Amino acid sequence: IDREPIDIFMVTYCRGPHGSITATQRAVQTVLRRTTTPFTLTIVDNGSEPDFVEELRQIARSDIRIRLVELPENIQCGPASNIALALARSEFIFYVCSNEGYIAKPGWERPAIGLMRDRPEVGLAGQLVSSPAFPDGAGYLQQDWARKLRALEFIRADPARPFAHVQGGMWCLRREAYLRHGGFSPELPQARMDVEYSCHLESHGWALADVPGFASVSSKTLPPLPA
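Residue numbers (the numbering used here): 1 to 227.
Structural data, given as structure tokens:
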């Protein structure tokens with residue numbers, strides 16, 4: 001009872017072919033129905049179409065646990081996430097994708113909370129993946145976006161070091177890590193933001209971890225989904 005409700009957030013954007021109110025409603029409803037810890041759900045909208053925003057308003061009015069932040073334009077996922085992080089007050093902050101997020105099991109958040117409490121060295125947890133294109137520091141340095149990494153000197157110091165990152169889609173962040181080292185970089189506001197933030201936290205001594213039951217996959221994730 002003493003603790004703040006956990007913070008969960010989503011970032012939405014729906015214009016043209018991007019985004020879907022059906023997908024967002026599904027993601028929100030699975031969070032509402034299957035989260036067993038008291039929580040606040042913050043939805044940050046990136047200047048979506050008026051009809052989509054009106055639907056979001058109806059969703060927010062339907063449940064007092066939902067907070068809606070309407071932005072006048074699309075500032076992309078990283079900066080929008082930073083707005084939600086600044087509003088958060090709980091020990092741990094969860095992100096769930098508003099397009100593809102789906103909570104299948106009641107109490108989905110409990111393994112992450114337990115892991116973060118048992119392992120105070122972990123700053124960010126979710127599904128750890130290592131890209132075949134950049135499995136180590138040397139691979140990172142060959143990428144055209146490497147110069148934008150805040151942890152560039154950390155990577156250069158040990159190019160043989162294996163690297164993995166907590167893949168975007170669903171993750172849990174220790175708020176203390178955010179308060180100490182900031183949020184997502186404006187230099188990589190969308191693509192590779194998960195890669196950048198993972199190595200940024202590692203460069204400051206935080207560990208990354210896998211959460212049992214969290215799956216954040218894409219067409220490039222190995223092993224592939226059919227496996």
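Virtual Cβ for every residue (Gly too), placed ideally from N, Cα, C. Please read these numbers as outputs of a predicted model, since none were measured by experiment.
Since residue i and residue j should fall inside the 8 Å C-beta cutoff, what is the C-beta to C-beta distance between them, to a whole number of angstroms?
i, j, result
"L56", "I75", "About 16 Å; that fails the 8 Å criterion."
"I8", "L41", "5 Å"
"R65", "F39", "6 Å"
"C199", "A151", "4 Å"
Applying the criterion that 16 or more other CB atoms from any shown protein chain within 10 Å of the CB defines a buried residue, is residue i buried or exposed?
i, result
"A86", "exposed"
"T24", "buried"
"P189", "buried"
"E196", "buried"
"R192", "buried"
"R180", "exposed"
"E176", "exposed"
"A80", "buried"
"E109", "buried"
"G205", "exposed"
"A146", "buried"
"A157", "exposed"
Compute the Euclidean distance between the alpha carbons of residue i and residue j, then round it to the nearest angstrom.
i, j, result
"L115", "E73", "37 Å"
"A215", "E100", "11 Å"
"G48", "G16", "At residue 48 the sequence reads Ser, which differs from the Gly that was named. Cα-Cα distance, rounded: 9 Å."
"K148", "A138", "15 Å"
"P159", "E153", "10 Å"
"T37", "R3", "11 Å"
"M170", "L124", "11 Å"
"D194", "P226", "24 Å"
"S20", "A88", "26 Å"
Report yes if the CB atom of residue i is closer than 9 Å to the CB atom of residue j, and no otherwise.
i, j, result
"H165", "S131", "yes"
"L128", "Q167", "yes"
"I103", "R34", "yes"
"G126", "V211", "yes"
"L173", "I155", "no"
"V122", "L208", "yes"
"D45", "T12", "yes"
"P5", "S90", "yes"
"F163", "F184", "no"
"G213", "P106", "no"
"D31", "V96", "Asp is not the amino acid found at residue 31; the sequence shown has Val there. A contact, by the Cβ cut-off of 9 Å."
Between which two residues does the alpha helix (DSSP H) carrying residue i extend?
i, result
"V195", "193–203"
"V53", "50–61"
"R175", "175–181"
"Y140", "137–141"
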